[in-house]
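Everything below concerns the one structure shown next.
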Amino acid sequence: MAHSYNVAQIPLPPLNQQVTKYASLRLLALTTNPEYFSAKAERERTFSVDQWRERIHNRVTFIATTSPETPVDSALEDDNATWVGLVSLLPPEFFKARWNQLSVEDRTWATWSGSAHTLVSMWVHPDHRRRGVGESLISQALEWVNGKSSDEDDRAIVLDVLKENRGAAVLYRKMGFEDVEEVLPSIWMRKKLV
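In terms of UniProt numbering, the sequence shown is residues 1 to 194.
In structure tokens, the structure reads:
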């Protein structure tokens, strides 16, 4: 079946139905492809609605939906839209604000990423892969960071991808990310925006 896709940012503050749909999609990602995430579904299943809402508030999240007759601006409010993919950005301040609670590994990452935005939680439902959905999600994230600031250092995106997630690594390279360092089990990648 052919689908049309929309990509839209979850607004702040999110509507209650958006919090619920986001939580469901995130848990589906973690249970469908646990091998691609460092987070565990067992832990996130215990999150309260307030914890999910806070998670949305702490990042910029884009959602891909299938809703061919819904304008992009209202796709996330359409009860008939199916949420099929997501990607989030953590602003540079995210790690700075939580420095004392970070693990040694996360502090290493935060120091390395500097003032760049961090792309996280990229996932597309298996039934919708290889249809351009991942590219659309990443493109929206790139556009958002590009329009965020004119500060040169702030206009970069970094990510880490598990080495075994070859499909995602290929997609990131196609989108202009370059391998910077291999820190097993991940590859750290960076894209400087112009």
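Note that the Cβ used here is the ideal one computed from N, Cα and C, for glycine as well.
Look at the alpha carbon of residue i and the alpha carbon of residue j, and state the distance between them as a whole number of angstroms.
i: D106; j: F95; result: 8 Å
i: V124; j: G147; result: 25 Å
i: S121; j: R166; result: 16 Å
i: E182; j: S115; result: 20 Å
i: S4; j: T66; result: 6 Å
i: W52; j: L30; result: 15 Å
i: L12; j: E77; result: 13 Å
i: L193; j: S186; result: 22 Å
i: F177; j: L25; result: 25 Å
i: L133; j: R173; result: According to the sequence provided, residue 133 is Val. The question's Leu does not apply to it. Distance between the alpha carbons of V133 and R173 is about 16 Å.
i: S103; j: V180; result: 22 Å
i: L137; j: R130; result: 13 Å
i: D139; j: E42; result: In the sequence as displayed, the identity of residue 139 is Ser instead of Asp. Going by the C-alpha atoms only, they are around 31 Å apart.
Assuming contact is defined by CB atoms lying nearer than 8 Å, are residue i and residue j in contact in what I supplied?
i: V49; j: A64; result: no
i: F62; j: A8; result: yes
i: Y36; j: A141; result: no
i: L119; j: V87; result: yes
i: V161; j: L89; result: no
i: H117; j: I157; result: yes
Taking residue i as the reference, which of the options has the closest Cα?
i: L28; options: E44, I56, P13; result: E44
i: D79; options: S113, N16, G176, V194; result: N16
i: M175; options: E164, L184, L159; result: L159
i: N6; options: T20, E164, E135, T46; result: E135
i: R59; options: F47, S38, P91; result: P91
i: S38; options: L184, K191, R190; result: L184
Residues bridged to residue i by DSSP?
i: L193; result: Note: L193 sits in no beta bridge, so no partner.
i: A64; result: V7, G85
i: L28; result: DSSP output for L28 lists no bridge partner at all.
i: E93; result: In DSSP, E93 forms no bridge with anything.
i: S186; result: L162, V183
i: T118; result: L90, V158
* **alpha helix (DSSP H) runs wholly inside the stretch 127–157, at least 4 long, in chain order** => Within the stretch 127–157, the runs of alpha helix (DSSP H) at least 4 residues long that lie entirely inside it are, in chain order, 133–148.
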